[in-house]
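Residue numbers (the UniProt record's numbering), protein chains in the order written: chain A, 1 to 404; chain B, 1 to 80.
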């Protein structure tokens, strides 16, 4: 069937791999596609391939809860996530694609005095870093989001919340498609069904990748493989401080508009928004054990639902449509790892754990710079692998551990 | 939910246990470089396949023990 010219059948080519590229990106998810796009846009590199084991954006890009915010505690994190949020604010226009980026506000609830103190501290830290943040008391929370149960009789009463009004959600598929279309237009090869099975390393420098579709020579190789980063790095002889866990989420049946902001709670382990289409999107904490199985325990979903119903009694008769899990690579300090590796020419962008979606454009921006220039982008510098040896960790467990 | 075989109590639900991560990590002794210390504190195997790991029967007999578990199928077997 043919479409009018304005509605192409495909947004990108489906090329066979060439024998050689200047840069090979391993992983065709959001971060890999954003990296490819910014390599071309910002650095004029277009002899680039993105190798994807499955299909484009079919991993965590298709499994996340699409929450976008930048209200992290430490200066290093605030800088990189705020850079990302600023890019989001212009991205639909820049990519000429409606990403359904909706800055509807993100609430992070406080349920005890510790939460309140931590939340207020984070608001102040955010403001000092130019990140918009407000503190709401329980009554203001009720006014901002009337369906939250703020009664004092709750098992974990809502005592207040931080609010980032510029935070929100976006449509994950549109983000991937828009980035892929532009990367393709720059001449970058997006190669699906191409698994990297090994690396050729000569004299401490990577020279090629071995793939399920043959050998591909590469000037530089950039990992963007999220939960599978450890598996790939091991093939290059690198051990990483990452552990892969299932992270579960679910959607409800479609509802009329009922929730017009994002609500997150670290203490009771749930985060909720309503997608444009109408389903409630809810995320849980990680399953405790290491896994690559893309599924988790029902008891985790049960606990998450209990938390959601505690906050939103109105959802008590809503039915679950489906649940799923993605595999997230968690680092010891809940911050990403971006930069060079002990193998020359091999770069890593991993450890985004439970919250990589919000960083998609910012991550691609700084990773592309790091690859193109051969040294870390200033915003990426604090996130190098060497911080685990120097001890300069960026502990974001309070802002990142559960809630994403 | 996993069914985990506690050596003292027998097979029990995963919710009775706390996860302890990779087994066999021991604290280095003597003169330790920053790299060796980082390896001990932070670096861990993260295999796709069989993984020897620690579990703590926190809501049972409070025994720490090792099992081998496959990180794709989640099959659990006795540690060798």
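Note that beta-carbon positions come from the ideal geometry of N, C-alpha and C, so glycine has one too.
Sequence-distant residues of the same chain with beta carbon closer than 6 Å to residue i, five excluded per side
| i | result |
| --- | --- |
| residue 273 of chain A | 169, 262 and 281 |
| residue 85 of chain A | 70 |
| residue 233 of chain A | 240 |
| residue 255 of chain A | 278 |
| residue 186 of chain A | 40 and 46 |
| residue 179 of chain A | 33, 34 and 37 |
Length of the line joining the Cα atoms of residue i and residue j
| i | j | result |
| --- | --- | --- |
| residue 162 of chain A | residue 329 of chain A | 27 Å |
| residue 252 of chain A | residue 303 of chain A | 16 Å |
| residue 104 of chain A | residue 278 of chain A | 15 Å |
| residue 138 of chain A | residue 111 of chain A | 10 Å |
| residue 88 of chain A | residue 101 of chain A | 8 Å |
| residue 60 of chain B | residue 333 of chain A | 30 Å |
| residue 265 of chain A | residue 366 of chain A | 30 Å |
| residue 260 of chain A | residue 90 of chain A | 22 Å |
| residue 60 of chain A | residue 80 of chain A | 20 Å |
| residue 363 of chain A | residue 156 of chain A | 35 Å |
| residue 235 of chain A | residue 146 of chain A | 52 Å |
| residue 316 of chain A | residue 109 of chain A | 20 Å |
| residue 127 of chain A | residue 394 of chain A | 19 Å |
| residue 70 of chain B | residue 76 of chain B | 7 Å |
| residue 16 of chain B | residue 2 of chain B | 10 Å |
Per-residue DSSP class, three states only, for residue i
| i | result |
| --- | --- |
| residue 97 of chain A | coil |
| residue 21 of chain A | strand |
| residue 29 of chain B | coil |
| residue 405 of chain A | Given that chain A is displayed from residue 1 to residue 404, the structure contains no residue 405 of chain A and the question cannot be resolved. |
| residue 236 of chain A | coil |
| residue 265 of chain A | strand |
| residue 42 of chain A | helix |
| residue 220 of chain A | strand |
| residue 367 of chain A | helix |
| residue 37 of chain B | helix |
| residue 46 of chain B | coil |
| residue 166 of chain A | coil |
| residue 401 of chain A | In this predicted model, residue 401 of chain A has a pLDDT of only 48, less than 50, meaning its place in the structure is not dependable enough to derive any value. |
Any chain B beta carbon closer than 8 Å to residue i
| i | result |
| --- | --- |
| residue 332 of chain A | yes |
| residue 242 of chain A | yes |
| residue 290 of chain A | yes |
| residue 388 of chain A | yes |
| residue 231 of chain A | yes |
| residue 53 of chain A | no |
| residue 111 of chain A | no |
| residue 297 of chain A | yes |
| residue 235 of chain A | no |
| residue 239 of chain A | yes |
Residues near residue i in its chain [Cβ-Cβ closer than 8 Å; skip 5 each side]
| i | result |
| --- | --- |
| residue 149 of chain A | 158, 310, 311, 312 and 313 |
| residue 398 of chain A | 73, 118, 122 and 266 |
beta-carbon residue i near the ligand SAM non-hydrogen atom, thresh 7 Å
| i | result |
| --- | --- |
| residue 60 of chain A | Of ligands this structure carries none, so the ligand SAM is not represented either. |
Neighbourhood of residue i by C-beta, 7 Å cutoff - its chain only, sequence neighbours within 5 removed
| i | result |
| --- | --- |
| residue 275 of chain A | 281 |
| residue 301 of chain A | 248, 250, 284 and 323 |
| residue 45 of chain A | 22, 23, 39 and 372 |
Closer than 7 Å at the beta carbon, the chain E residues around residue i
| i | result |
| --- | --- |
| residue 48 of chain B | Absent from the structure is chain E; the protein chains it does hold are A and B. |
8 Å Cβ cutoff, residue i in contact with chain A
| i | result |
| --- | --- |
| residue 19 of chain B | yes |
| residue 38 of chain B | yes |
Would you call the segment 69-87 of chain A and the segment 206-222 of chain A touching, i.e. three or more CB-CB distances under 8 Å?
Under the 8 Å Cβ criterion, the segment 69-87 of chain A does not count as touching the segment 206-222 of chain A, having fewer than three qualifying pairs.
Using 8 Å as the threshold, is the segment 19-29 of chain A in touch with the segment 41-58 of chain A, meaning 3 or more CB pairs across them?
As far as the Cβ criterion goes, the segment 19-29 of chain A touches the segment 41-58 of chain A, which means the pair count is three or higher.
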